[in-house]
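Protein chains in written order, with the working numbering: chain A, 10 to 177; chain B, 387 to 552. Quick reminder that beta carbons are idealized off the backbone N, C-alpha and C, glycines included. Since we're looking at a predicted model, the values are computed, not measured. Let me begin by presenting the structure, written as C-alpha cells, before commenting on it.
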Amino acid sequence: MAEESSAAAAAGEGRMTMVVGVDESEHSYYALQWTLRHFFAGGGGQPQYRLAVVNAKPTAASAVGLAGPGAADVLPFVEADLKKSSMRVIDKAKELCAQVSDALFEVIEGDARNVLCEAVERHQAEMLVVGSHGYGAIKRAVLGSVSDYCSHHAHCTVMIVKKPKHKH
Amino acid sequence: MEGKSATASGEAGAVVAGMKVVVAVDASEESLNALTWALDSVIAPRSGAGVSVVVVHAQPGPDHFVYPVAAHGIAITYSPTSAIESMRKAQEEISRKVSATGAIVEGDAKEAICQAVEEMHADLLILGSRGLGKIKRAFLGSVSDYLVHHACCPVLVVKPTKAHDK
C-alpha cells in the first residue's frame, strides 16, 4: 500500500526511538547496560526500539568557569580534553551496544539538559533513558540534576535508571 | 506511617524468571493512560519472555475503614469505592493482554509504593505523571518526584500524551 510504504520510509521502519543519555560516569554506563539487557536483548528478533545514544559535551567556556587572566590560553587545551573524553564515552558505548545493529551515536555540544531534550525532539523519541548520580537533596539543588530536569521537561516518557542502593 | 498491602482480586501473574514490572495507579486518568502505554510498549511485546505485572493502587490512609472480621480478630481493610473502581478498570485493561496481580497499599502514597517496590523486588516501576508545574510540585508534593529519587529500582515516568505534539 502506498501509504504504508511512505509512512515506513518516514518513520524508519515504524519503530519507536529510544534516546539514552551517557556521560563518563559509571551510573550512565549502568543505565545503558540495563536498558540493553531489558529492551534489546531479543535473540534473533528485531528489537522494537531504535537506539540513539547521545553524549552531551560541555562547551570549553562553561567548563573553565570563572574567566581569569589566563583563560583564553587554556581554552584550546580544555576543548581538546573534552573532545577526547567524549570520544572515550562514545567508544565505550559502542562496545556495550555491539549487539544492536543500527544504533546511532551522537556527541552534541551544550548543556546536558538541553541537549537531551532537543535530541528527544529531533528523533521524535518515545522514550528517554538517563542514569542518575543519586545525589541527595542538597547536592541536587546546588549542582542541578540532569535527570530531574529531563523528567520534567522532556516531551516523552522518561526512564531513570539508578544503581541499586544497598540499605543498611 | 506504615503501608500494609492487601491483595485484591486477580489471578497470580506467571512468575517466570523474567522481568517484574510494578505499575502504580491512582484514580486519575493519567495513571490509567500510563498503564495502557506501559502495556503496549513495554509489556505486550515481551509477553512470551515471562514478564510479571503487578498493579499497585496507593490509597490515602485516613480514608480506610477497618472492620474486624473473623473470630480471632483479623482486620481487613475496606477500600473506598474509587480505589476498587480504578483497580477494576486497570484489571480489565491488563487481563485482556497479560495476566497480572493487583495490590492495594495504604498509607502515604509515596512511601507505600516505595516500600511495596522493595518488598516485591521489582525490576521496573512505571508511573504516570500529573504534569504539575514547578510551584505546584513544591507545594503539593509530587509522588513521581519522590519515587524517582527514592525507589530502589529504575523508574519510568509516562508523560500525558499531548494532543498537539504529533
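If you compare alpha carbons, which of B:His507, B:Asp531 and B:Gly514 is closest to Cys539 (chain B)?
Restricting attention to B:His507, B:Asp531 and B:Gly514, the CA atom closest to the CA of Cys539 (chain B) is found in B:His507.
Residue-level contact to chain B via CB, Glu88 (chain A), 9 Å cutoff:
Not one chain B Cβ lies under 9 Å of Glu88 (chain A).
Answer yes or no: do Leu60 (chain A) and Leu113 (chain A) have a C-beta to C-beta separation smaller than 9 Å?
Against a cut-off of 9 Å, the Cβ pair of Leu113 (chain A) and Leu60 (chain A) comes out as a contact.
Taking DSSP's pairing of strands, which residues face Asn419 (chain B) in a bridge?
According to the DSSP secondary-structure assignment, Asn419 (chain B) is paired through a beta bridge with no residue.
What distance in whole Å lies between the Cβ atoms of Val407 (chain B) and Val439 (chain B), which are believed to be in contact at a cut-off of 8 Å?
For a cut-off of 8 Å, the C-beta gap from Val439 (chain B) to Val407 (chain B) is around 5 Å, short enough to register as a contact.
Roughly how many whole angstroms lie between the Cα atoms of Val139 (chain A) and Asp120 (chain A)?
When rounded, the distance between both Cα atoms is 15 Å.
Counting only beta-carbon atoms, is Met506 (chain B) nearer than 9 Å to chain A?
No - not a single Cβ of chain A is within 9 Å of the one on Met506 (chain B).
So, with DSSP's three-state summary, where would you put Met405 (chain B)?
Three-state DSSP puts Met405 (chain B) in coil, outside helix and strand.
Check the Cβ-Cβ distances between Ser141 (chain A) and every residue of chain B, and say whether any is below 9 Å.
Yes, its Cβ sits closer than 9 Å to a Cβ of chain B.
Ala69 (chain A) burial status per 10 Å Cβ neighbour count (16 or more: buried):
With 16 or more other CB atoms across the displayed protein chains lying within 10 angstroms of its CB, Ala69 (chain A) is buried.
Just mark Ala107 (chain A) as buried or exposed, buried being the case when its beta carbon has 16 or more other beta carbons within 10 Å.
Under this definition Ala107 (chain A) is an exposed residue.
Taking just the CA atoms, how far does Leu91 (chain A) sit from Val124 (chain A)?
Val124 (chain A) and Leu91 (chain A): Cα-Cα distance of roughly 16 Å.
Measure the alpha-carbon distance for Arg122 (chain A) versus Leu84 (chain A) and round it to whole angstroms.
In this structure, the CA atom of Arg122 (chain A) is about 23 Å from the CA atom of Leu84 (chain A).
Chain-order list of residues whose beta-carbon lies under 6 Å from that of Gly53 (chain A) (same chain, five-residue window excluded):
No answer about Gly53 (chain A) holds up, because its pLDDT of 49 lies below 50 and its placement is not dependable.
Would you mind reading off the limits of the beta strand (DSSP E) that contains Val167 (chain A)?
Bounds of the beta strand (DSSP E) holding Val167 (chain A) are Thr166 to Val170.
Indicate the three-state DSSP secondary structure (helix, strand or coil) for Glu135 (chain A) in the structure shown.
Glu135 (chain A) carries a coil assignment under DSSP once its states are collapsed to helix, strand and coil.
Compare the C-beta of Asp494 (chain B) against all C-beta atoms of chain A and say whether one is closer than 9 Å.
No, its Cβ sits nowhere closer than 9 Å to a Cβ of chain A.
Which one of B:Asp426, B:Asp531 and B:Val441 has the shortest CA to CA distance from Gly488 (chain B)?
Comparing alpha carbon positions, the residue from B:Asp426, B:Asp531 and B:Val441 closest to Gly488 (chain B) is B:Val441.
Please name the residues in the stretch 96 to 126 of chain A whose beta-carbon is closer than 7 Å to at least one beta-carbon of chain B, in chain order.
Within the stretch 96 to 126 of chain A, no residue qualifies.
Less than 9 Å between the C-beta atoms of Thr26 (chain A) and Gln133 (chain A), yes or no?
The criterion of a C-beta distance shorter than 9 Å is satisfied by Thr26 (chain A) and Gln133 (chain A).
Restricting to runs no shorter than 3 residues, where is the beta strand (DSSP E) found entirely within the stretch 21 to 52 of chain A?
Listed in chain order, they are 25 to 31.
Nearest to Glu118 (chain A) by CA position, among A:Gly30, A:Ala50, A:Ser154 and A:Ala65, is which residue?
For Glu118 (chain A), the nearest C-alpha among the options comes from A:Ala65.
Got a sec: is the Cβ-Cβ distance from Val167 (chain A) to anything in chain B below 9 Å?
Yes, its Cβ sits closer than 9 Å to a Cβ of chain B.
Can a CB atom of chain B be found closer than 9 Å to the CB of Glu135 (chain A)?
For Glu135 (chain A), a Cβ of chain B is located within less than 9 Å of the residue's own Cβ.
Consider the Cβ of Ala61 (chain A): report whether some Cβ of chain B lies at a distance smaller than 9 Å.
Chain B contact via Cβ: absent.
Please check if any C-beta of chain B sits within less than 9 Å of the C-beta of Ala40 (chain A).
Taking Cβ atoms only, chain B reaches closer than 9 Å to Ala40 (chain A), which makes this a yes.
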